[in-house]
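Novice: Pasting in a structure now, in structure tokens, and then I'll have a few things to ask.
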Amino acid sequence: SQTIHQWPATLVQPVGSPLSLECTVEGTSNPNLYWYRQAAGRGLQLLFYSVGIGQISSEVPQNLSASRPQDRQFILSSKKLLLSDSGFYLCAWSVPQTVYTFGSGTRLTVV
Amino acid sequence: AQTVTQSQPEMSVQEAETVTLSCTYDTSESNYYLFWYKQPPSRQMILVIRQEAYKQQNATENRFSVNFQKAAKSFSLKISDSQLGDTAMYFCALPQETSGSRLTFGEGTQLTVNP
Numbered sequence: 007s008q009t010i011h012q013w014p015a016t017l018v019q020p021v022g023s024p025l026s027l028e029c030t031v032e033g034t035s036n037p038n039l040y041w042y043r044q045a046a047g048r049g050l051q052l053l054f055y056s057v058g059i060g061q062i063s064s065e066v067p068q069n070l071s072a073s074r075p076q077d078r079q080f081i082l083s084s085k086k087l088l089l090s091d092s093g094f095y096l097c098a099w100s101v102p103q104t105v106y107t108f109g110s111g112t113r114l115t116v117v
Numbered sequence: 034a035q036t037v038t039q040s041q042p043e044m045s046v047q048e049a050e051t052v053t054l055s056c057t058y059d060t061s062e063s064n065y066y067l068f069w070y071k072q073p074p075s076r077q078m079i080l081v082i083r084q085e086a087y088k089q090q091n092a093t094e095n096r097f098s099v100n101f102q103k104a105a106k107s108f109s110l111k112i113s114d115s116q117l118g119d120t121a122m123y124f125c126a127l128p129q130e131t132s133g134s135r136l137t138f139g140e141g142t143q144l145t146v147n148p
């Protein structure tokens, strides 16, 4: 069966520090992968999506970047965090025309 | 551009009663999927139900059912026999036209089930 792993669950980082959030998928090949951000009590904002290794599309210009070094690995990064980067980050995968499956999320607090 | 609108930011219902959450959308596609996701306090996103636009029959999953009105572009979620565990944020979602897989989410409806 397919599973998605996302870590860490919680992260507190100082302003200006780097960031690396990782997401891996098991049990499927060539999935579409996504990074979403959610502010408290609000909807989901798509940050990045990828349809294959090395193929990254950005939805919103910002302080973050994404990479897909392997077929089932998706990484969200930042060189220098801002206070505004705080939020809840969700990774997800899908095969076209099927259901999205989400990871358990990472709560990031930038202090 | 397509849109998904949930006009009820918050709703509450008594345990064992029925509640309906509204969702309207706009798309130029003729064949598409619609989804309802649930996000409990743990913040894990969980698929509740899926509707295929070409199917006239409304989808049902146990206590959850939808009222899909394609012409009106309306996709409401009905929860019967509400349980305390149904307390969550509910999101309506529609695949984006350009990719068919990126989802556009509504802003969500916070549902509280009261004992």
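Residue numbers (our numbering), protein chains in the order written: chain L, 7 to 117; chain Y, 34 to 148. Beta carbons are placed, not taken as given, at the ideal position from N, Cα and C, and that holds for glycine.
Could you please tell me which residues of the segment 105-136 of chain Y, in chain order, have their CB closer than 7 Å to any CB of chain L?
Specialist: Cβ contacts with chain L come from Phe124, Gly133, Ser134, Arg135, Leu136.
Novice: Grab me the residues of Leu2(L)'s own chain with a C-beta within less than 7 Å of its C-beta, minus the 5 sequence neighbours each way, in chain order.
Specialist: Because chain L is modelled from 7 through 117, residue 2(L) falls outside the range shown and cannot be assessed.
Novice: Quick check: is the beta carbon of Val31(L) nearer than 8 Å to any beta carbon in chain Y?
Specialist: Along the first sequence, read from residue 1 onward, the residue named residue 31(L) stands at position 25. Interface residue (Cβ-Cβ distance to chain Y less than 8 Å): Val31(L) is not classified as such.
Novice: Less than 8 Å between the beta carbons of Val101(L) and Thr30(L), yes or no?
Specialist: Mapped onto the first sequence, residue 101(L) falls at position 95. Mapped onto the first sequence, residue 30(L) falls at position 24. Result no, Cβ atoms of Val101(L) and Thr30(L) do not sit closer than 8 Å.
Novice: Consider the Cβ of Phe138(Y): report whether some Cβ of chain L lies at a distance smaller than 8 Å.
Specialist: As a working note, residue 138(Y) is residue 105 in the second sequence. At least one chain L Cβ lies under 8 Å of Phe138(Y).
Novice: Helix, strand or coil for Ser90(L) per DSSP?
Specialist: Here residue 90(L) corresponds to residue number 84 of the first sequence, with the count starting at 1. Helix.
Novice: Return the CA-CA distance between Val49(L) and Thr38(Y), expressed in angstroms with no decimal places.
Specialist: Taking the first residue of the first sequence as position 1, residue 49(L) is located at position 43. Taking the first residue of the second sequence as position 1, residue 38(Y) is located at position 5. Note that residue 49(L) is Gly in the sequence shown here, rather than Val. Distance between the alpha carbons of Gly49(L) and Thr38(Y): 11 Å.
Novice: Using a Cβ-Cβ cut-off of less than 9 Å, give me the residues of the segment 33-62 of chain L that come near chain Y, in sequence order.
Specialist: Asn38, Tyr40, Tyr42, Gln44, Gly47, Arg48, Gly49, Leu50, Gln51, Leu52, Tyr55, Val57
Novice: CB-CB under 6 Å to Gln144(L), same chain, minus the five flanking residues each way: which ones, in chain order?
Specialist: Residue 144(L) lies beyond the stretch modelled for chain L, which goes from 7 to 117, so this question has no answer here.
Novice: Are the segment 89-97 of chain L and the segment 97-105 of chain Y touching by the rule of at least three beta carbon pairs closer than 8 Å?
Specialist: no
Novice: Determine the chain Y residues that contact Ser100(L) at a beta-carbon separation under 7 Å, and present them in chain order.
Specialist: Translated into the one-based positions of the first sequence, residue 100(L) becomes position 94. Going along chain Y in sequence order, the residues near Ser100(L) (Cβ under 7 Å) are Ser134.
Novice: Would a C-beta distance cut-off of 8 Å place Ile112(Y) and Phe97(Y) closer than the cut-off?
Specialist: As a position in the second sequence, residue 112(Y) is number 79, starting the count at 1. As a position in the second sequence, residue 97(Y) is number 64, starting the count at 1. Result yes, Cβ atoms of Ile112(Y) and Phe97(Y) sit closer than 8 Å.
Novice: Could I get the ranges of all uninterrupted beta strand (DSSP E) runs contained in the segment 66-108 of chain Y, with 3 residues as the minimum, in chain order?
Specialist: Those beta strand (DSSP E) runs which fall completely within the segment 66-108 of chain Y and span 3+ residues are 66-72, 79-85, 97-102.
Novice: The segment 78-91 of chain Y: which residues have C-beta closer than 7 Å to a C-beta of chain L, in chain order?
Specialist: Met78, Leu80, Arg83
Novice: At the level of alpha carbons, what is the spacing between Val105(L) and Ala46(L)?
Specialist: Taking the first residue of the first sequence as position 1, residue 105(L) is located at position 99. Taking the first residue of the first sequence as position 1, residue 46(L) is located at position 40. Cα to Cα, Val105(L) sits roughly 24 Å from Ala46(L).
Novice: Could you work out which residues of chain Y lie near Phe94(L), taking near to mean beta carbons separated by less than 8 Å?
Specialist: On the first sequence, residue 94(L) is found 88 positions in, with the first residue counted as 1. Simply Arg76.
Novice: Per the contact definition of three or more C-beta pairs closer than 8 Å, is the segment 61-79 of chain Y in contact with the segment 112-128 of chain Y?
Specialist: yes
Novice: Taking just the CA atoms, how far does Ser84(L) sit from Gln41(Y)?
Specialist: Taking the first residue of the second sequence as 1, we reach residue 41(Y) at position 8. Taking the first residue of the first sequence as 1, we reach residue 84(L) at position 78. Approximately 35 Å, taken between the alpha carbons.
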